[in-house]
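Asker: Just so you know, this note's numbering puts 271 at position 268 of the sequence shown, and the rest follows in order with no gaps.
Dumping the structure here so I can ask a few things about it.
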Amino acid sequence: MKRRPDCTTTAVVALGILVAGSLTILGAATSPVLALAALPVLGVILLALLRPIATVYLAVLLIPLEGLGAGFGHAFTISPAEFVAVAAAAGWIMHRLASGGPPLRSPLTYALAGVLLVHIPGLFVAANRFAVMKETVMWSAFFVLFLAVISERRPGTAQTMANVIAASGAIISAIAVVRSGGSHQALVGLTGNVSDRATGSFGSPTLFAAFVAITLPLQLRLALCGSSRIVRLVSALGALASTLALALAMTRSVFVALAVIAAWLVFVWKPFRRITPVLVLCGVVVLSGITPLGDVVNTHVLVSRIESVGSTQSQTAQYRLQLWKRTPKMIEDHLAFGVGADNFQADAARYGIVAPGGVPYTHAHDIALTFAAEFGLPGLAVLAWLTVALAQTLRRLLRSHEEPQYSLAVCVTAALLVIPIEGVFDYTFSDNAFFLVVVLLAAIATRQSALVPHAAQRARTARLIAAVPPAPA
Numbered sequence: 004m005k006r007r008p009d010c011t012t013t014a015v016v017a018l019g020i021l022v023a024g025s026l027t028i029l030g031a032a033t034s035p036v037l038a039l040a041a042l043p044v045l046g047v048i049l050l051a052l053l054r055p056i057a058t059v060y061l062a063v064l065l066i067p068l069e070g071l072g073a074g075f076g077h078a079f080t081i082s083p084a085e086f087v088a089v090a091a092a093a094g095w096i097m098h099r100l101a102s103g104g105p106p107l108r109s110p111l112t113y114a115l116a117g118v119l120l121v122h123i124p125g126l127f128v129a130a131n132r133f134a135v136m137k138e139t140v141m142w143s144a145f146f147v148l149f150l151a152v153i154s155e156r157r158p159g160t161a162q163t164m165a166n167v168i169a170a171s172g173a174i175i176s177a178i179a180v181v182r183s184g185g186s187h188q189a190l191v192g193l194t195g196n197v198s199d200r201a202t203g204s205f206g207s208p209t210l211f212a213a214f215v216a217i218t219l220p221l222q223l224r225l226a227l228c229g230s231s232r233i234v235r236l237v238s239a240l241g242a243l244a245s246t247l248a249l250a251l252a253m254t255r256s257v258f259v260a261l262a263v264i265a266a267w268l269v270f271v272w273k274p275f276r277r278i279t280p281v282l283v284l285c286g287v288v289v290l291s292g293i294t295p296l297g298d299v300v301n302t303h304v305l306v307s308r309i310e311s312v313g314s315t316q317s318q319t320a321q322y323r324l325q326l327w328k329r330t331p332k333m334i335e336d337h338l339a340f341g342v343g344a345d346n347f348q349a350d351a352a353r354y355g356i357v358a359p360g361g362v363p364y365t366h367a368h369d370i371a372l373t374f375a376a377e378f379g380l381p382g383l384a385v386l387a388w389l390t391v392a393l394a395q396t397l398r399r400l401l402r403s404h405e406e407p408q409y410s411l412a413v414c415v416t417a418a419l420l421v422i423p424i425e426g427v428f429d430y431t432f433s434d435n436a437f438f439l440v441v442v443l444l445a446a447i448a449t450r451q452s453a454l455v456p457h458a459a460q461r462a463r464t465a466r467l468i469a470a471v472p473p474a475p476a
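Pasting the structure below:
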């Protein structure tokens, strides 16, 4: 008996025929170049229809191309990673409608749905409603991708996703080192700024450093526990590139996050403890003023930057303190619904929340303050709910002591530790590519934590079997 093709395959074949005909007409009516330029876009759409999860991998790998976004007017720009992520979400929805799948329930599912729910009032009350709509659409797509990952039937999806995120961080770090390595970085007067800091593809050294920091633990995992020597070597080189990139970005809040990550890994992960003496020695050498990195990084400026981590005397620290003091007034005036997603800048000038050049701040440089300002008290409540749900998920995930689940649990937790620490000083969720990776890390944790009870049951079964005395010969 012949097997009937499923709905998705039929739709893809029909779409392929339609696309071929459309490209022929487009090339004849305009230019063959335009038709060829449309091929990658159509290829992504077809891939999203056939393999949504593979399309998610592609979206993450395209994050190093963040600076190549396509603009549509002055208000709307979409990057390659954003476009591919939206396509993957649409493709997965079609798959789900056609084929169904396992349940989508999880503690984080409801919390993330709550994050989307608090966006809705902004569509009616915000000054810039288009900004609210864009963020709502993008974050909704990321929520769909979260559901796609936790419900994927193929084993190894979480491992592969973690490896892809690690690779993306290594690629963007290597590009940044090539671009910014050897630049003459210098302290700018008493402002606390440093010239020529690495920004990668993000346009901001803080965003860039935070992104690299959340990928570094996953690179270390592959470097220490990779499946082959080649994987370990390549991953070690990627981790080295990420370390150099962080030194070139010179973001003080990320230095604090790295210290917490290192302490966490030393405390819970034996493979990392083995290389800790080497890392400590390298740190002592750098802080002593010796320049083992040659002209790649200005270690004298790096040491000064690290020493100023706890200082509030620089101008940049003073500006941030003033920002934090004035934001609560905005929150107080919009307790019910906030000013709307991505609308902090639209109302900032009314409260004197402006940068030294008179330009309004785009966010409150703090996750909790920004959520409270843009979404009101409901947003703050949902943020607390999301934090608790994620903490519970990670706690359950860390109960597994089998490999490779345990090393993945430790390193995903280390990556997510960056968020609350960096979130005290900046609002990294303002970048969609960064938020996409955070959502995918949460999906990895959710997917793997669901397997922990089964692993525990296997362990109990093994103990019961071991306790049974052998049958007499």
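Where a beta carbon is used, it is the ideal one built from N, C-alpha and C, also for glycine.
Given the structure is predicted, the values throughout are model-derived calculations rather than measurements.
Considering only the alpha carbon of each residue, which of V140, I264, V87 and G103 lies closest to L120?
Answerer: Start at 1 with the first residue of the sequence shown, and residue 120 comes out as number 117. With distances taken between Cα atoms, L120 lies closest to V140.
Asker: May I ask which residues mark the beginning and end of the alpha helix (DSSP H) holding E310?
Answerer: Walking along the sequence shown from the start, residue 310 turns up at place 307. Segment T302 to E310, the alpha helix (DSSP H) holding E310.
Asker: Need the endpoints of the alpha helix (DSSP H) that E155 sits in, please.
Answerer: Sequence index remark: in the sequence shown, residue 155 carries index 152 (1-based). Run containing E155: none; DSSP gives neither H nor E here.
Asker: With which residues is V180 paired in a DSSP beta bridge?
Answerer: As a first step, residue 180 is located in the sequence shown; it is residue number 177 there, counting from the start. V180 is not bridged to any residue.
Asker: DSSP three-state call for P359: helix, strand or coil?
Answerer: Mapped onto the sequence shown, residue 359 falls at position 356. If DSSP states are grouped into helix, strand and coil, P359 belongs with coil.
Asker: Please report the Cβ distance between P55 and A91, rounded to the nearest whole angstrom; I am assuming they are in contact, meaning their Cβ atoms lie under 8 Å.
Answerer: Locating residue 55 in the sequence shown gives position 52, counting from the first residue. Locating residue 91 in the sequence shown gives position 88, counting from the first residue. Correct: roughly 5 Å between the Cβ atoms.
Asker: Leaving out five residues before and five after I153 in sequence, what residues of the same chain have Cβ atoms less than 8 Å from its Cβ?
Answerer: Within the sequence shown, numbered from 1, the residue matching residue 153 stands at position 150. Around I153, the same chain offers L107, S109, T112, A446, T449, R450 and A453 as residues with beta carbons nearer than 8 Å, after the five sequence neighbours per side are excluded.
Asker: Under 8 Å by Cβ, that's how I've got E425 and V257 pegged, so tell me the actual separation to the nearest angstrom.
Answerer: Against the sequence shown, residue 425 aligns to sequence position 422. Against the sequence shown, residue 257 aligns to sequence position 254. Confirmed, about 6 Å.
Asker: When the Cα atoms are used, what is the spatial distance from T209 to R232?
Answerer: Translated into positions along the sequence shown, residue 209 becomes position 206. Translated into positions along the sequence shown, residue 232 becomes position 229. For T209 and R232, the distance between alpha carbons rounds to 33 Å.
Asker: Using the Cβ count rule (16 or more neighbours within 10 Å means buried), how would you classify S102?
Answerer: Here residue 102 refers to the residue found at position 99 of the sequence shown. The residue in question, S102, is exposed, as its Cβ has fewer than 16 Cβ neighbours within 10 Å.
Asker: Would L227 and F275 qualify as a contact pair, given that the criterion is a beta-carbon distance under 8 Å?
Answerer: One-based indexing of the sequence shown puts residue 227 at position 224. One-based indexing of the sequence shown puts residue 275 at position 272. Yes. Within cutoff.
Asker: Could you spell out the range, first to last residue, of the alpha helix (DSSP H) harbouring Y322?
Answerer: Working through the sequence shown from its first residue, we reach residue 322 at position 319. Here the alpha helix (DSSP H) through Y322 covers Q318 to D336.
Asker: What is the rounded straight-line gap between the Cα of P280 and the Cα of R353?
Answerer: By 1-based counting over the sequence shown, the position of residue 280 is 277. By 1-based counting over the sequence shown, the position of residue 353 is 350. Distance between the alpha carbons of P280 and R353 is about 52 Å.
Asker: Whole angstroms is fine: what's the gap from V128's alpha carbon to I370's?
Answerer: The residue given as residue 128 occupies position 125 in the sequence shown. The residue given as residue 370 occupies position 367 in the sequence shown. Approximately 21 Å, taken between the alpha carbons.
Asker: Smallest Cα separation from V47: which of I309, T80 and V89?
Answerer: On the sequence shown, residue 47 is found 44 positions in, with the first residue counted as 1. Of I309, T80 and V89, the residue nearest in Cα terms is V89.
Asker: For the alpha helix (DSSP H) containing Y113, list its first residue and its last residue.
Answerer: Your numbering for residue 113 matches position 110 in the sequence shown. Element bounds for Y113: P110 to L120.
Asker: Should H98 be labelled buried (16 or more other beta-carbon atoms within 10 Å of its own) or exposed?
Answerer: Working through the sequence shown from its first residue, we reach residue 98 at position 95. For H98, the number of other beta carbons within 10 angstroms of its own is at least 16, and it is reported as buried.
Asker: Looking only at its own chain, which residues have a Cβ that is under 7 Å from the Cβ of A412, when we skip the five neighbours before and after it?
Answerer: Taking the sequence shown and counting its residues from 1, the one referred to as residue 412 is at position 409. Answer for A412: L400, L401, S403 and Q451, listed in chain order.
Asker: From R329 to A367, what does the alpha carbon distance come to, in whole angstroms?
Answerer: For this step, residue 329 is matched to residue 326 along the sequence shown. For this step, residue 367 is matched to residue 364 along the sequence shown. Distance between the alpha carbons of R329 and A367: 9 Å.
Asker: Give me the Cα-Cα distance between L249 and V415, rounded to the nearest whole angstrom.
Answerer: Within the sequence shown, numbered from 1, the residue matching residue 249 stands at position 246. Within the sequence shown, numbered from 1, the residue matching residue 415 stands at position 412. Whole-angstrom Cα-Cα distance: 19 Å.
Asker: If you reduce the DSSP assignment to three classes, tell me which class Y364 lands in.
Answerer: Along the sequence shown, one-based indexing puts residue 364 at 361. Coil.
Asker: Pull up the CB-CB distance for L251 and R308, whole angstroms please, since I reckon it's below 8 Å.
Answerer: Stepping through the sequence shown from its first residue, residue 251 is reached at position 248. Stepping through the sequence shown from its first residue, residue 308 is reached at position 305. No, L251 and R308 are not in contact; Cβ-Cβ is about 11 Å, not under 8 Å.
Asker: Look at the Cβ atom of L421, then the Cβ atom of I217, and state whether they are nearer than 8 Å.
Answerer: For the purposes of this step, residue 421 is taken as the residue at position 418 of the sequence shown. For the purposes of this step, residue 217 is taken as the residue at position 214 of the sequence shown. The sequence shown places Val at residue 421, rather than the Leu named in the question. Result yes, Cβ atoms of V421 and I217 sit closer than 8 Å.
Asker: Does the Cβ of F133 have 16 or more other Cβ atoms within 10 Å, making it buried, or fewer, making it exposed?
Answerer: Taking the first residue of the sequence shown as position 1, residue 133 is located at position 130. Result: exposed.
Asker: Within its chain, find whatever has a CB closer than 6 Å to the CB of L61; leave out the 5 residues flanking it on each side and keep chain order.
Answerer: Position 58 of the sequence shown holds residue 61. Here the set comprises V87.
Asker: Hey, A339 and G379 are a contact pair by Cβ (cut 8 Å); roughly how many whole angstroms apart?
Answerer: Mapped onto the sequence shown, residue 339 falls at position 336. Mapped onto the sequence shown, residue 379 falls at position 376. Indeed they touch by this definition, with Cβ atoms about 5 Å apart.
Asker: Mapping DSSP to helix, strand and coil, what is A352?
Answerer: In the sequence shown, the residue the question calls residue 352 occupies position 349. If DSSP states are grouped into helix, strand and coil, A352 belongs with the helices.
Asker: Check G46 in the structure and name its three-state DSSP category.
Answerer: By one-based count along the sequence shown, residue 46 stands at place 43. Three-state result, G46: helix.
Asker: Are the Cβ atoms of T431 and A213 separated by less than 8 Å?
Answerer: The residue given as residue 431 occupies position 428 in the sequence shown. The residue given as residue 213 occupies position 210 in the sequence shown. Yes. Within cutoff.
Asker: Could you check how far apart the C-beta atoms of P363 and Q348 are, in whole angstroms? I think they sit under 8 Å.
Answerer: Residue numbering aside, residue 363 sits at position 360 when the sequence shown is read from its first letter. Residue numbering aside, residue 348 sits at position 345 when the sequence shown is read from its first letter. Contact flag correct, Cβ pair sits at about 5 Å.
Asker: Taking 8 Å as the cut-off, decide whether the C-beta atoms of A392 and A114 are in contact.
Answerer: The sequence position of residue 392 within the sequence shown is 389, counting from 1. The sequence position of residue 114 within the sequence shown is 111, counting from 1. The answer is yes: Cβ separation under 8 Å.
Asker: Within 10 Å of its beta-carbon, does H303 have 16 or more other beta-carbons around it, so buried, or fewer, so exposed?
Answerer: Mapped onto the sequence shown, residue 303 falls at position 300. Label assigned to H303: exposed.
Asker: Alpha carbon to alpha carbon, how far is V385 from A244? Give it in angstroms, no decimals.
Answerer: Working through the sequence shown from its first residue, we reach residue 244 at position 241. Working through the sequence shown from its first residue, we reach residue 385 at position 382. Cα to Cα, A244 sits roughly 36 Å from V385.
Asker: In the DSSP assignment, find the alpha helix (DSSP H) that holds Y430 and state where it starts and stops.
Answerer: By one-based count along the sequence shown, residue 430 stands at place 427. Note, Y430: premise wrong, no alpha helix (DSSP H); not H, not E.
Asker: With H, G and I counted as helix, E and B as strand and the rest as coil, what does DSSP make of T202?
Answerer: Within the sequence shown, numbered from 1, the residue matching residue 202 stands at position 199. In this structure, T202 counts as coil in the three-state DSSP scheme.
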